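Chemist: Structure incoming, see below.
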Amino acid sequence: MNQTVNQTPAEQNERYGQIRAYDFRQPKLISKEVMRLMKGIHEPYLRHIKRMYSNLLGEPVEVSLTGTRQVNYSAYLSEIQQPSALYTFNIEELGDWAVLELDPSFCIYCVELQSGGYGEMPAEARTLTRVEEIIINRLVGKMLRELSHIWSSYLPFSIQHHVYEPKPDSIRSISAHSIGILMHFSVEFGDQKRSFSICYPNSLIESKGMKEITHIEDAPSTHKAHPGDQKLLEEDLKRVEVDLKVLLGTTSMSLRQLISLTKGDTLMLNQPIEEPLKIRVGNQIKMTGYPGSMNGKRAVKIFNIVKNGMHSLDF
Numbered sequence: 004m005n006q007t008v009n010q011t012p013a014e015q016n017e018r019y020g021q022i023r024a025y026d027f028r029q030p031k032l033i034s035k036e037v038m039r040l041m042k043g044i045h046e047p048y049l050r051h052i053k054r055m056y057s058n059l060l061g062e063p064v065e066v067s068l069t070g071t072r073q074v075n076y077s078a079y080l081s082e083i084q085q086p087s088a089l090y091t092f093n094i095e096e097l098g099d100w101a102v103l104e105l106d107p108s109f110c111i112y113c114v115e116l117q118s119g120g121y122g123e124m125p126a127e128a129r130t131l132t133r134v135e136e137i138i139i140n141r142l143v144g145k146m147l148r149e150l151s152h153i154w155s156s157y158l159p160f161s162i163q164h165h166v167y168e169p170k171p172d173s174i175r176s177i178s179a180h181s182i183g184i185l186m187h188f189s190v191e192f193g194d195q196k197r198s199f200s201i202c203y204p205n206s207l208i209e210s211k212g213m214k215e216i217t218h219i220e221d222a223p224s225t226h227k228a229h230p231g232d233q234k235l236l237e238e239d240l241k242r243v244e245v246d247l248k249v250l251l252g253t254t255s256m257s258l259r260q261l262i263s264l265t266k267g268d269t270l271m272l273n274q275p276i277e278e279p280l281k282i283r284v285g286n287q288i289k290m291t292g293y294p295g296s297m298n299g300k301r302a303v304k305i306f307n308i309v310k311n312g313m314h315s316l317d318f
């Protein structure tokens, strides 16, 4: 024991590894396993919000989860810049409140687009007007319905109502000393990068349903995708653009012949004129068709669908 006491900090670090200070005022109540679980639960939510914002803004939007951490509500609220656009919402099964924080400049931008304006991002944030509050209230309602939807795949989670709060210090429904789990999201569109966050109460983590989910996630997973999430994923896949390539034909020649090619030479391909051309999707032959023209452009009329695609590396 005396040997340990007499050791220098460097010697102790070498023996026991890097020593870190522990904050006894804010102990780590939320495990890394729960943090990972929260990220997994919100993956479908990212897709829902991406689609919602893309439809709202009329342009491609990328939504990502950028951080998850334990916070003290008083510290969290003090970090929020004013003016702000906060929405507290009640989780009925918990009898507790959570917070949705939006970027007020983004809210104003959305309102201008919805009102037929040019949709210019405000240079400075400001408090929402009553009309803007009403319009954004609809957006928040949709965001919270989607949130309730993704949670319903895991545990009972009903959001009955939400309340707009322009100032963090005006929130009275949440104890300043309570612990929460903060999830921070990034929204990118055009040359803009905005964010929003959700702060859940610790009562969600301590709930019976959440503890059961944690045990299930630790075991081999047999969880099936929620029908709504599966349908959404299918819709996203249907919108993905793929390249189709039509193979006119192939031939082979010696290097000497290749070097001696000049303008006006004709190459004879091994493709019979009476047989359809091969149409490739990715690296597989998926269709065949006959060449033609349409509206002054070359075209191919589909002749057959190849059910079991053939791999092709011809081009």
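Take the sequence shown: its letter number 252 is residue 255 in my numbering, and every next letter is one higher.
Note that the Cβ used here is the ideal one computed from N, Cα and C, for glycine as well.
If you're wondering where the values come from, they're calculated on a predicted model, not measured in any experiment.
1) Quick check: R200 and E65, are their CB atoms within less than 8 Å of each other?
2) How big is the Cα-Cα spacing for P223 and K35?
3) In this structure, how does DSSP classify V309 when only helix, strand and coil are distinguished?
4) Could you check what DSSP says for A128 in three-state terms: helix, strand or coil?
5) Among all the DSSP beta bridges, which residues are the ones paired with V188?
6) Do you know whose CA, among I282, N298, P294, K300, lies nearest V309's CA?
7) Roughly how many angstroms lie between the CA atoms of I184 and M38, to the nearest whole one?
8) Look up N75 in the DSSP assignment and give the residues it is bridged to.
9) Can you give the Cα-Cα distance for T225 and F92, rounded to whole angstroms?
10) Assign G212 to one of three DSSP states: helix, strand, or coil.
11) For R283, write down the residues that DSSP places opposite it in a beta bridge.
12) Return the chain-ordered list of same chain residues with a C-beta closer than 7 Å to the C-beta of E46, the five sequence neighbours on each side being excluded.
13) Taking 8 Å as the cut-off, decide whether the C-beta atoms of S189 and T69 are in contact.
14) Nearest to G128 by alpha carbon, out of Q85, L261, V166?
Modeler: Inspection of the coordinates gives the following:
1) By 1-based counting over the sequence shown, the position of residue 200 is 197. By 1-based counting over the sequence shown, the position of residue 65 is 62. Before going on, a small fix: residue 200 reads as Ser here, not Arg. Not a contact, by the Cβ cut-off of 8 Å.
2) Here the question's residue 223 lines up with position 220 in the sequence shown. Here the question's residue 35 lines up with position 32 in the sequence shown. Since pLDDT at P223 reaches only 43, below the 50 mark, its modelled position is unreliable, and no value is offered.
3) For the purposes of this step, residue 309 is taken as residue 306 along the sequence shown, with counting starting at 1. Of the three classes helix, strand and coil, the one that applies to V309 here is strand, per DSSP.
4) By one-based count along the sequence shown, residue 128 stands at place 125. A128: coil per DSSP, three-state reduction.
5) Here residue 188 corresponds to residue number 185 of the sequence shown, with the count starting at 1. Here the sequence assigns Phe to residue 188, which means Val is not the residue at that position. Partner(s): L68, F199.
6) Position 306 of the sequence shown, counting from 1, holds the residue named residue 309. If we check each option's Cα against that of V309, I282 comes out closest.
7) Position 181 of the sequence shown, counted from the start, is the residue given in the question as residue 184. Position 35 of the sequence shown, counted from the start, is the residue given in the question as residue 38. Distance between the alpha carbons of I184 and M38 is about 9 Å.
8) By one-based count along the sequence shown, residue 75 stands at place 72. Answer is I182.
9) For the purposes of this step, residue 225 is taken as the residue at position 222 of the sequence shown. For the purposes of this step, residue 92 is taken as the residue at position 89 of the sequence shown. Because T225 sits at a pLDDT of 46, beneath the cut-off of 50, its placement in the model cannot be relied upon, and the point is left open.
10) As a first step, residue 212 must be located in the sequence shown, where it is residue number 209. In the structure shown, G212 sits in a helix (DSSP, three-state: H, G or I).
11) Here the question's residue 283 lines up with position 280 in the sequence shown. Within the DSSP secondary-structure output, R283 pairs in a beta bridge with K248, I288.
12) Taking the sequence shown and counting its residues from 1, one reaches residue 46 at position 43. Excluding sequence neighbours, E46 sits near nothing in its chain.
13) What you label residue 189 is simply residue 186 of the sequence shown in a count that begins at 1. What you label residue 69 is simply residue 66 of the sequence shown in a count that begins at 1. Yes.
14) Here residue 128 refers to the residue found at position 125 of the sequence shown. According to the sequence provided, residue 128 is Ala. The question's Gly does not apply to it. Ranked by Cα distance from A128, the options Q85, L261, V166 are led by Q85.
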